[in-house]
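Each remark here refers to the structure printed beneath this line.
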Amino acid sequence: MNLDIHGGSCGHSCCLRVENLTVRIGNEPILSDVNLHVHCGQMVALIGPNGAGKSTLLKAILGQREYEGVIAFSQPGHRSQKPRIGYVPQSPAFDPSDPVSVSDLFACCLGKRPAFLGLGKPMRALVKECLERVHGVDLIDKRIGALSGGELQ
């Protein structure tokens with residue numbers, strides 16, 4: 090994959106700047122010389138055929154893959170820092186037989202208390218509020234392993 094969107098110095102405020110990014114498996118480059126600038130508030134669709142490197146690029150940006158080159162995050166008026174990015178993989182890695190519910194998973198992400206100790210009323214209310222935002226309240230007590238692919242995402 091060789092991608093160049095607003096490569097080089099674009100002259101605009103960039104929230105994400107990727108320059109000369111290369112990702113390798115062994116010695117073989119699977120992404121080579123990728124340049125990408127995403128401006129604050131800009132929506133970008135990353136499309137391409139299977140095996141083109143879309144997921145690899147996202148994983149490098151998220152810090153889940155080693156890479157060569159520059160990945161920088163900034164926000165105008167703020168110091169440069171790594172943002173909190175949500176990423177929903179196509180196939181999450183978990184054991185579908187684990188007795189983990191949607192509320193357990195959300196509580197683990199939202200709080201510091203282990204879910205196996207049970208959810209207090211404030212945490213359950215917060216989980217419900219989050220699920221209401223995506224019209225998923227009916228899933229609150231469903232086991233993760235029983236969710237469909239769309240429900241998982």
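Just so you know, we're using this note's numbering here: the sequence shown kicks off at 90 and counts up by one. We put the CB at the ideal spot given by N, CA and C, even for glycine.
Residue range of the alpha helix (DSSP H) that includes residue i
{"i": "Pro211", "result": "Lys210 to Arg222"}
{"i": "Ala161", "result": "Segment Glu157 to Phe162 is the beta strand (DSSP E) holding Ala161; no alpha helix (DSSP H) there."}
Where residue i falls: helix, strand or coil (DSSP)
{"i": "Ala235", "result": "helix"}
{"i": "Cys129", "result": "coil"}
{"i": "Ile229", "result": "coil"}
{"i": "Asp122", "result": "strand"}
{"i": "Val189", "result": "coil"}
{"i": "Leu151", "result": "coil"}
{"i": "Leu105", "result": "strand"}
{"i": "Leu135", "result": "coil"}
{"i": "Gly200", "result": "coil"}
Residue environment, residue i, which counts as buried when at least 16 other CB atoms sit within 10 Å
{"i": "Asp93", "result": "A caution first: Asp93 carries a pLDDT of 47, below 50, which makes its placement in the model too unreliable to give a value."}
{"i": "Tyr176", "result": "exposed"}
Residue-chain proximity (residue i, chain D), Cβ-Cβ < 8 Å
{"i": "Ile233", "result": "Chain labels in this structure do not include chain D; a single protein chain is all it has."}
Meets three-Cβ-pair contact criterion under 8 Å: the stretch 142-156 and the stretch 194-209: Short answer: they don't touch.
Touch test, the stretch 216-235 against the stretch 188-199, Cβ-Cβ under 8 Å, three pairs minimum: Judged by Cβ distances under 8 Å, the stretch 216-235 makes contact with the stretch 188-199, as three or more pairs qualify.
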